[in-house]
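Quick mapping for you: the protein sequence lines, in order, are chains Y and B.
Under my numbering, the first sequence has 314 at position 314, and the numbering climbs by one with no breaks.
For my numbering, count along the second sequence from 1 and bump the result up by 1000.
Idealized CB from N, CA, C, for every residue including glycine.
Because the structure is a prediction, the values reported are computed rather than measured.
2 protein chains.
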Amino acid sequence: MVEKTSKNSKVSLAQVARAAGVSKMTASRVLRDEGGYSEETRRRVMEQVDHLGYLPNRLATVFAGDQSSTFIGVSIPDLGNEVFAQVLEGIDRKLGTFGYQSVLGLTQHTLAEEENWIRTVLSWQPAGLILTGRYHSQRANDMLLNAGIPVIEIWDLNSSPLDMSVGINHFDSGFDMGRYLMACGYRNIGYVGTSHDTANAATERLTGFCKAVEGAGGHVVKQLCLHDTATYYPGFYGTEQLLAAASDVDCIHYQNDAMAFGGLQYCERRGLSIPEDIGIAGWGDLPIASVLKRRLTSCHISHLKLGQSAAEMMLARLSGEPVPKCLDIGFTLIPGSTVRNPDRGTA
Amino acid sequence: MVEKTSKNSKVSLAQVARAAGVSKMTASRVLRDEGGYSEETRRRVMEQVDHLGYLPNRLATVFAGDQSSTFIGVSIPDLGNEVFAQVLEGIDRKLGTFGYQSVLGLTQHTLAEEENWIRTVLSWQPAGLILTGRYHSQRANDMLLNAGIPVIEIWDLNSSPLDMSVGINHFDSGFDMGRYLMACGYRNIGYVGTSHDTANAATERLTGFCKAVEGAGGHVVKQLCLHDTATYYPGFYGTEQLLAAASDVDCIHYQNDAMAFGGLQYCERRGLSIPEDIGIAGWGDLPIASVLKRRLTSCHISHLKLGQSAAEMMLARLSGEPVPKCLDIGFTLIPGSTVRNPDRGTA
DNA sequence: AAGAATTAAGTTACCCGTAACGTAAACGTA
DNA sequence: TACGTTTACGTTACGGGTAACTTAATTCTT
């Protein structure tokens, strides 16, 4: 199949053509199944392709400007947060089945990293970009608008996106959770999350959450872990810190379910019973929630679907189909049983 | 900064050069900081670069064969498994800081997917590849050997890799766990994991595990969830199935900590106390273990470090430094307290 | 059987940068 | 002053494919 001797440098179409005794163009036509060659010629070319182990150089094709590439740049804040890992999985699986490749960028929640990554990835002539979040640096915005390729901003639904947007309204989601917890009779509510320099979706949820709680006469005590990844341990120690600073909170809402689980563990270790002594509400309905004894109060989003939808939108756009500017994939509040029942009213 | 009018097609170096009143070559020299131009010329060129929003087309550079690309193909089985998400994060962060980009491929644990992905990604002339696992299809092997670029097989340490290898010896890790559980006095040991068509590291751990257990007079009952991702819920119901089929197991070892946590939750719900009624041992020392009440018996691997090491090896190799063929990053057995104490011997 | 149409090719030009080489002007030196 | 050197450019060629065009041979049509 493959000549061990050709290990060094790459086999070009010209070499295949020469070996098959035809012109580059004919070999190219055979490889692209374009027609206009005899069966005998096809056979001879394919024989040499096989024999020399020829792999086409897609750079040349794209470079020639005849086609666009099959790269899609995908930027994600981090992968330690299961939420984003799932979104990425949804994106890449869908793109992969249609012959596109994700070029990854982990922005670590900073706009500067994102800007650098955008600059680099654009120089590779991607077919499109999928970015997490709606906030970008000014230069990033300029580059994106100038690039002339589809750009989808995911996660954080943006009513006036650069180009397209898929996600949910985080403010509303936070607001609904706040209203629900107030309906359950809580008044002194803690929030445990992480904090980054850049405004993000979690910030918007918190804003909505506070608005709902405070609007209904409640009070929110925040505990933000600086520059941390929103996962189990920050949830655990964030809860410890919160309770040390404000021992009278009757319910804690977390940035996501992983943090909520960390908090759950802390409370259990402290001997607090859920939801009698304290209510716990997460966000995101992560897989871990599927095995807990009590259904975790949370907010469901299909992360995989979000990723897939974004990828589908990208693919549709690339094949020239009409595509909506915004796609709201929605969320569902999960009452669960780690907070009191709303029927019982103010305990 | 940017002309809104240039929105349509890309600005080329030739356009910048023309606008600045110099030749392409001079503009190229300015952009590459090569010297050989006056300060006045530099200023004029940069002014136009800024004005036209010029972004270099790296395809052209690579294509010309003067440089290699900064793509590194990275294949990972799936991202639902936290382990691989962490490895990928380690890889991409390290690569990113050195100006390289990961081109992702999710192989879904199948060699056919991997082969397709390899073919595609090679056509983009990557600077190197990082693959998960040591098993590849014959055609994939041929392509990899022929590609003439660095290839690192990670996760599963391979004493005779295609090129380079970073990971741990999974057989040994399984063996050590088996020996440890036997030392704790368990004899009838369950194993809960997932099952895929392709041989993989988990299979090797299981082999080592069985060898140790059976070699010391114990017995292993396996429960493999078909085609599932190794996460919480399969751990939960896998445990249910295992206990239904073999109620006499005194200890269960899981493919990873996420599954072990699922099992832990099932046991708790069943009213089984850990480790009195049944021992639980995971693998991987995942973040969730950091907040559990009892230290989970597990096996520690630094996933992030694994990814970073692989990336470092790749970068070193690309800059021509000598690099070892194999790098064993090691593992550490974590005794934990979800199995009996080995001192007490056979209970 | 002659011209038209089709088939199976080959040839040329181009995509966008950069290496390699060429050149004119300014400068340095004996 | 004459010649070598440096500076600051410009020109040409190339890489690996493909679009667009050309050409030669074969087949079809009337």
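**Asked** With 16 as the cutoff for other CB atoms within 10 Å, does E82(Y) come out buried or exposed?
**Response** Within the first sequence, the letter at position 82 stands for residue 82(Y). Per the 10 Å Cβ criterion, buried.
**Prompt:** Taking DSSP as the reference, what is the three-state secondary structure of G330(Y)?
**Reply:** Taking the first sequence and counting its residues from 1, the one referred to as residue 330(Y) is at position 330. The answer is coil: DSSP assigns G330(Y) none of H, G, I, E or B.
**Asked** In its own chain, which residues sit with a C-beta less than 8 Å from the C-beta of L145(Y), not counting the 5 before and 5 after it?
**Response** Indexing the first sequence from 1 puts residue 145(Y) at position 145. Closer than 8 Å at Cβ, skipping near neighbours: L162.
**Request:** Look at Q86(Y) and L1079(B) and say whether their C-beta atoms are less than 8 Å apart.
**Result:** Mapped onto the first sequence, residue 86(Y) falls at position 86. Mapped onto the second sequence, residue 1079(B) falls at position 79. For Q86(Y) and L1079(B), yes; Cβs fall inside 8 Å.
**Item:** Limits of the alpha helix (DSSP H) - the one that S28(Y) falls within
**Value:** The residue given as residue 28(Y) occupies position 28 in the first sequence. Start and end: K24 to L31.
**Request:** Counting only the same chain and skipping the five closest in sequence on each side, list residues whose C-beta sits under 7 Å from that of S1028(B).
**Result:** For the purposes of this step, residue 1028(B) is taken as residue 28 along the second sequence, with counting starting at 1. Contacts found: L1013.
**Prompt:** Using the beta-carbon of each residue, which ones in chain Y are nearer than 7 Å to K1325(B)?
**Reply:** For the purposes of this step, residue 1325(B) is taken as residue 325 along the second sequence, with counting starting at 1. Neighbours of K1325(B) on chain Y: none; closest Cβ ~17 Å, over 7 Å.
**Message:** Could you check whether the Cβ of W1124(B) sits closer than 8 Å to any Cβ belonging to chain Y?
**Reply:** Position 124 of the second sequence, counted from the start, is the residue given in the question as residue 1124(B). Chain Y, which has a Cβ nearer than 8 Å to the Cβ of W1124(B), makes this yes.
**Prompt:** So, does the CB of S290(Y) fall closer than 8 Å to a CB anywhere in chain B?
**Reply:** As a first step, residue 290(Y) is located in the first sequence; it is residue number 290 there, counting from the start. At least one chain B Cβ lies under 8 Å of S290(Y).
**Prompt:** Under 8 Å between C-beta atoms, does V22(Y) make it to chain B?
**Reply:** Numbered from 1 along the first sequence, position 22 holds the residue referred to as residue 22(Y). So, not an interface residue.
**Item:** Contact list for T1231(B) against chain Y, beta-carbon separation under 8 Å
**Value:** For the purposes of this step, residue 1231(B) is taken as residue 231 along the second sequence, with counting starting at 1. Those within 8 Å of T1231(B) in chain Y are P287.
**Asked** So what does DSSP say about H170(Y), is it helix, strand or coil?
**Response** Counting from 1 along the first sequence, the entry for residue 170(Y) is found at position 170. Three-state DSSP puts H170(Y) in a helix.
**Asked** Nearest-angstrom Cα distance between C184(Y) and L296(Y)?
**Response** For the purposes of this step, residue 184(Y) is taken as the residue at position 184 of the first sequence. For the purposes of this step, residue 296(Y) is taken as the residue at position 296 of the first sequence. So the two alpha carbons sit approximately 15 Å from each other.
**Message:** Against Q1265(B), what residues of chain Y qualify as contacts under a CB-to-CB distance less than 7 Å, listed in chain order?
**Reply:** By 1-based counting over the second sequence, the position of residue 1265(B) is 265. Within 7 Å Cβ-Cβ: V291, L292 and K293.
**Asked** To which residues of the same chain is S1068(B) closer than 7 Å at the C-beta, ignoring the five residues directly before and after it?
**Response** Your numbering for residue 1068(B) matches position 68 in the second sequence. Closer than 7 Å at the Cβ level, and outside the excluded window around S1068(B), lie V1062 and A1127.
**Message:** Looking at G282(Y): is its Cβ nearer than 8 Å to the Cβ of I168(Y)?
**Reply:** On the first sequence, position 282 is the one that residue 282(Y) refers to. On the first sequence, position 168 is the one that residue 168(Y) refers to. Cβ distance not < 8 Å, so G282(Y) and I168(Y) don't count as in contact.
**Asked** So, are the CB atoms of M1182(B) and G1218(B) less than 8 Å apart?
**Response** Position 182 of the second sequence holds residue 1182(B). Position 218 of the second sequence holds residue 1218(B). In this structure, G1218(B) lies closer than 8 Å to M1182(B) by Cβ.
**Request:** Starting from the N-terminal side, write out each stretch of the beta strand (DSSP E) that is 3 residues or longer and does not extend beyond the region 101-150 of chain Y.
**Result:** 101-106 and 128-132
**Request:** Determine the direct distance from the alpha carbon of A147(Y) to that of E1115(B), and round the result to whole angstroms.
**Result:** Position 115 of the second sequence, counted from the first residue, corresponds to residue 1115(B). Position 147 of the first sequence, counted from the first residue, corresponds to residue 147(Y). Roughly 32 Å separates the two Cα atoms.
**Prompt:** R1032(B) to M1314(B), Cα distance in whole Å?
**Reply:** Along the second sequence, read from residue 1 onward, the residue named residue 1032(B) stands at position 32. Along the second sequence, read from residue 1 onward, the residue named residue 1314(B) stands at position 314. Approximately 25 Å between the Cα atoms of the pair.
**Prompt:** Going by Cα to Cα distance, which pick from S247(Y), E204(Y), L88(Y) and G73(Y) is closest to R134(Y)?
**Reply:** Walking along the first sequence from the start, residue 134(Y) turns up at place 134. Taking only the C-alpha atoms, the option nearest R134(Y) is E204(Y).
**Message:** Could you tell me which whole alpha helix (DSSP H) segments of length 4 or greater appear in the region 226-254 of chain Y?
**Reply:** 232-245
**Message:** Rounding to the nearest angstrom, what Cα-Cα distance links G962(B) and M1164(B) in this structure?
**Reply:** The shown model of chain B, from 1001 to 1347, leaves out residue 962(B), and the question about it has no answer.
**Prompt:** Is the distance from the Cβ of A1260(B) to the Cβ of Y1266(B) below 8 Å?
**Reply:** Here residue 1260(B) corresponds to residue number 260 of the second sequence, with the count starting at 1. Here residue 1266(B) corresponds to residue number 266 of the second sequence, with the count starting at 1. Going by C-beta atoms, A1260(B) is not nearer than 8 Å to Y1266(B).
**Asked** In chain B, what lies closer than 7 Å to F98(Y) by C-beta?
**Response** Working through the first sequence from its first residue, we reach residue 98(Y) at position 98. None at all; the shortest Cβ gap to chain B is about 11 Å.
**Message:** Check whether the region 1102-1117 of chain B and the region 1284-1302 of chain B touch, using three or more Cβ-Cβ pairs below 8 Å as the test.
**Reply:** no
**Message:** To test your reading of the DSSP string, which unbroken beta strand (DSSP E) runs of 3 or more residues are found completely within the region 166-217 of chain Y?
**Reply:** 188-195
**Message:** Helix, strand or coil, according to DSSP, for A1064(B) in the structure here?
**Reply:** In the second sequence, the residue the question calls residue 1064(B) occupies position 64. DSSP places A1064(B) in coil when its eight states are reduced to three.
**Request:** Would you identify the three-state DSSP class for K1361(B), choosing helix, strand or coil?
**Result:** The first residue shown for chain B is 1001 and the last is 1347, placing residue 1361(B) beyond what the model contains.
**Asked** Three-state secondary structure (DSSP) at F1084(B)?
**Response** Reading the second sequence from its first residue, position 84 is the one you call residue 1084(B). Helix.
**Prompt:** In chain order, what residues of the same chain have a beta carbon less than 6 Å from the beta carbon of A1201(B), not counting five sequence neighbours either side?
**Reply:** Taking the first residue of the second sequence as position 1, residue 1201(B) is located at position 201. Cβ within range, chain order: W1155, D1156 and H1170.
**Prompt:** Are the CB atoms of R1340(B) and G1279(B) nearer to each other than 8 Å?
**Reply:** Taking the second sequence and counting its residues from 1, one reaches residue 1340(B) at position 340. Taking the second sequence and counting its residues from 1, one reaches residue 1279(B) at position 279. Taking 8 Å as the Cβ cut-off, R1340(B) and G1279(B) qualify as a contacting pair.
**Asked** Counting pairs of beta carbons, one from the region 189-199 of chain Y and one from the region 224-244 of chain Y, are three or more of them closer than 8 Å?
**Response** yes
**Message:** Looking at the secondary structure, which residues open and close the beta strand (DSSP E) in which S75(Y) lies?
**Reply:** Here residue 75(Y) refers to the residue found at position 75 of the first sequence. Here the beta strand (DSSP E) through S75(Y) covers F71 to I76.
**Neighbour-count burial assignment, A20(Y), 16 or more Cβ in a 10 Å radius** = For the purposes of this step, residue 20(Y) is identified with residue 20 of the first sequence, where counting begins at 1. Buried: at least 16 other Cβ atoms inside 10 Å.
**Request:** Check the DSSP bridge columns for E47(Y) and list the partner residues they point to.
**Result:** For this step, residue 47(Y) is matched to residue 47 along the first sequence. DSSP output for E47(Y) lists no bridge partner at all.
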